[in-house]
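Report on one structure; see the data block that follows.
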Amino acid sequence: MEGGRPAASVSYRDVTKRYPGQDEPAIHDLSLEVEAGEICVLVGPSGSGKTTALRMVNRTVEITEGNILIGGTSVRDRDPADLRREMGYVIQQIGLFPHRTVAQNIETVPRLLGWDHARARARAEELLELVGLERDLHDRFPSQLSGGQQQRVGVARALAADPPVMLMDEPFGAIDPINRERLQNEFLRLQSEIRKTVLFVTHDIDEAVKMGDRVAIFQEGGHLAQYATPAELLMAPANSFVEDFVGADRALKRLALMRVRDIDLWEAPLAFVGQATGEVRAKLEGAEVPHALLVDSERRPRGWLSQSDLQGETVPETPDTSPDPILDLDDVMRDALADLLQAETQYAPVTDGQGRIAGVLSVEIISEFLGSPEAKVEEHAAIDRPVEHPVGE
Amino acid sequence: MTAGAVQLAPLLGQVTIHSRTGANAPCQAQESKVFCFQWAVDNFDRYTTPFLNQLLLVLIAVGIGFAVAFAFAILSHRQRWLIPTFTGATGVLYTIPSLAFIFLLLPITGLGWETAIIVLSVYTLQIIYRNIVAGLSNVPVESQDAGRGMGMTDRQLLWRVELPLALPEIIAGLRIATVSTVAISTLMVFANVNTLGQPLYQQIDFKTNIVIAAGLSILMAIALDLLLLVSQRLLAPWRRPSMGARA
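Chain order of the listed sequences is A and B. The letter at position 280 of the first sequence is residue 280 when you use our numbering, and the numbering goes up by one with no holes. Converting from the second sequence to our numbering requires adding 1000 to each position, the first position being numbered 1.
Rendered as structure tokens:
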């Protein structure tokens, strides 16, 4: 990586945007602090001013009142072109230049900054690799790439001059759901390496919860409704607008923020090959999970034992029921629930990193968690916490 | 107008005189309706000067027309309210019949190359201007947004993004303008420029002559058109249909 410039904080100070001829401001007295190296997602319905808020940072939209500071320096004191060359910029339609090759597209900002050809080209090839594209794509034209490849080139182009701040305006909005998820994951992996300050606009609350270290929810008229971490947002919506926007399924969304290891798992009676079935049957009495799980000598799950498996003297080598799905402690809860539902099974063994049994997850545990007073208490605690940035009104 | 008619009278006289001398040419089939190959071979050099004159006239006229139209188009690209004004003005000029245009210019520039160049370049303005404007306004908004968002100044955006992307349409305009200028330039014999119109109107009833003069003019148009087409392909490689395949 070239140099590795440190990320910069972005802070909105009482920013108001009025468009000429409109009575109501598009952005209403916005104050927001984005820490260096964090992803801040600006989310809201159309007309809520999220894109306007983003574009004031690079002055493609001018601020009417207030100020925005990048690493402590006012954007209003900067020449707009210079300012923009220090910010990565990714838009929904990607906006690759159709008449320039992939490499030439990536070299845009370095060339504007006066880098020589060789240095810019070396950087372009380095970035292609970073975003997971083959180097030999460099002399293709954008029309020869798939949508996902174009989007990766768009991200590479934005990163070309190693900007301290990245502005992304619905960057994955035009991509089909499967590729969008892949690109989101790739970007999160990339971000864990490059640690830029990212402002990310989307209208999709699921994307916001997934991508954001913090999420700013905008409501109609350019008011900031809530600025919080995704977990806080889901547990303690600041008002009815946020509650509606986050959706009735916010409890389910919360599962997206949890991993299997975060919940108390059940224990299944364990059985080993050759063990006397009498012992196993005894363990089944009053067990949390009413089925015995056959494990090998390394305690790796091999299958569930049925009634007929326990008819003989000793536990058989091949159980009736497969142990699938086997979950991992690091699986996201939402995915784990999906696996359970898809396999139409009540219980799934959970293993640790070495594949050894760590417990059993059941649909019941999840539904109890979602409806538990524990979860409700958590919500109240979150509500009582002072909200840093209350509604603008 | 009277002055124009007076100046044109000797020209018309010249036409009849030449047509009479044509009768002495060594081809018995002169009055016949068939193409006389032997006459064509013997007399081909009489078309060389008109051909070269016409080619030069077309190149100068399209060159000047392009320069003026380009300047107008760049001016109106950022001041969009100018577009209807320029389109209207060049459109009105385009409707003037070419002979009338020559007569209108007689009192100012007289007969000769100057008049011919003015008339022909003015006719190219409308087509070239409209195509440059159309090309620039068809530049994808997201390319402009991305360019500006990455820190291009207006000038950099124009020269590095907008004009290259408008190039295919600009050249398309040049092709139409060039082909039509080749055709109209034969009429510039009436401005006393020795283009292929000169032999053409001299012996308007001699089939072989008509075929050669008109044929050379058509060949010139086709050749220039192809030249521009090839340059478009070379300058805009991203538009080649064979590159449409998606990975």
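Virtual Cβ for every residue (Gly too), placed ideally from N, Cα, C.
Can you give the beta carbon distance from residue i to residue j, rounded, assuming they're within the 8 Å contact cut?
i, j, result
"Y1047/B", "L1216/B", "6 Å"
"D213/A", "I70/A", "With 8 Å as the limit, D213/A and I70/A do not qualify as a contact, their Cβ atoms being about 18 Å apart."
"A336/A", "L327/A", "5 Å"
"N250/A", "L234/A", "Reading the sequence as shown, one finds Arg at residue 250/A and not Asn. About 5 Å; that satisfies the 8 Å criterion."
"R85/A", "L113/A", "6 Å"
"Q1144/B", "L1157/B", "7 Å"
"V109/A", "G1151/B", "7 Å"
"L1106/B", "V1119/B", "That pair is no contact at about 11 Å."
"G37/A", "R195/A", "4 Å"
"G1112/B", "A1191/B", "7 Å"
For residue i, which of the options has the nearest alpha-carbon?
i, options, result
"E107/A", "V43/A, G278/A, Q275/A and L127/A", "L127/A"
"Q144/A", "F97/A, G37/A and V201/A", "F97/A"
"E232/A", "Q307/A, V280/A, V246/A and S11/A", "V246/A"
"Q226/A", "V10/A, G21/A, V41/A and Q22/A", "V41/A"
"R299/A", "T351/A, L130/A, Q22/A and N185/A", "T351/A"
"V1062/B", "L1075/B, W1159/B, A1146/B and A1183/B", "A1183/B"
"L1125/B", "L1229/B, G1197/B, I1170/B and L1235/B", "I1170/B"
"A1166/B", "T1181/B, I1102/B, W1238/B and L1111/B", "W1238/B"
"A256/A", "G148/A, A208/A, A174/A and A81/A", "A208/A"
"G333/A", "L305/A, K253/A and T318/A", "The displayed chain sequence assigns Met, not Gly, to residue 333/A. Cα-wise, what sits closest to M333/A is K253/A."
"R180/A", "G147/A, D169/A and G37/A", "G147/A"
"D206/A", "N239/A, S240/A, E170/A and Q191/A", "E170/A"
"A1089/B", "T1181/B, I1117/B and A1069/B", "A1069/B"
"L1136/B", "D1205/B, P1164/B and S1185/B", "P1164/B"
"D331/A", "G278/A, Y347/A, E288/A and D262/A", "D262/A"
"P80/A", "A282/A, G278/A and R59/A", "R59/A"
"E220/A", "D14/A, V43/A and G72/A", "V43/A"
Please state the DSSP three-state secondary structure of residue i.
i, result
"A26/A", "coil"
"M1150/B", "coil"
"Y1201/B", "helix"
"K17/A", "strand"
"I39/A", "strand"
"L113/A", "coil"
"S11/A", "strand"
"F1086/B", "helix"
"H203/A", "coil"
"G212/A", "coil"
"I70/A", "strand"
"P45/A", "coil"
"E126/A", "helix"
"I63/A", "coil"
"E956/B", "Residue 956/B lies beyond the range of chain B shown here (1001 to 1247); nothing can be said about it."
"R1130/B", "helix"
"M258/A", "coil"
"A1025/B", "Per-residue confidence for A1025/B stands at a pLDDT of 48, beneath the threshold of 50, marking its modelled position as unreliable; the derived number appears in the next sentence. Looking at A1025/B - three-state DSSP - the assignment turns out to be coil, as it is neither helix nor strand."
"S362/A", "strand"
Among residues of its own chain, excluding the 5 on either side of residue i, which ones have a beta-carbon nearer than 7 Å to its beta-carbon?
i, result
"R76/A", "I63 and N67"
"N1194/B", "T1049, P1050 and N1053"
"L1082/B", "L1075 and S1076"
"A1214/B", "L1200"
"W266/A", "E288, V289, G359, V360, S362 and I365"
What residues in its chain sit with their C-beta under 6 Å from that of residue i, if we drop five residues either side in the sequence?
i, result
"E364/A", "none"
"T52/A", "K17, A26, I27 and V61"
"G1173/B", "I1127, I1128 and N1131"
"E193/A", "none"
"V102/A", "L137, H138, R140 and V153"
"S11/A", "E33 and L69"
Can you pull the chain A residues whose beta carbon is under 9 Å from the beta carbon of residue i, in chain order?
i, result
"L1165/B", "F97, P98 and H99"
Run down chain A in chain order and give the residues with a C-beta less than 8 Å from the C-beta of residue i.
i, result
"E1162/B", "What E1162/B touches in chain A: nothing, since even the nearest Cβ is about 10 Å away."
"A1236/B", "H99"
Residues of chain B with a CB under 7 Å from the CB of residue i: which are they?
i, result
"Q93/A", "E1142"
"F200/A", "Under the 7 Å cutoff, chain B gives no residues; its nearest Cβ is about 15 Å from F200/A."
"L270/A", "Neighbours of L270/A on chain B: none; closest Cβ ~51 Å, over 7 Å."
What residues from chain A crowd round residue i, counting only those whose CB sits closer than 7 Å?
i, result
"R1148/B", "T60"
"D1145/B", "I91 and G95"
Who are the Cβ neighbours of residue i in its own chain at under 8 Å, not counting the five residues just before and after it?
i, result
"N1024/B", "Note on N1024/B: pLDDT 46, under 50, position unreliable in the model; the coordinate value appears next. Here the set comprises nothing."
"P301/A", "L293, L294, V295, P323, I326, P349, T351 and I357"
"D1225/B", "R1175, T1178 and V1179"
"S74/A", "N67 and I68"
"E125/A", "A103, R135 and H138"
Which chain B residues sit within Cβ distance under 9 Å of residue i?
i, result
"V109/A", "M1150 and G1151"
Starting from the beta carbon of residue i, find every residue of chain B whose beta carbon is closer than 8 Å, and list them in chain order.
i, result
"D82/A", "G1151"
"R85/A", "M1150 and G1151"
"L112/A", "M1150, G1151, M1152 and Q1156"
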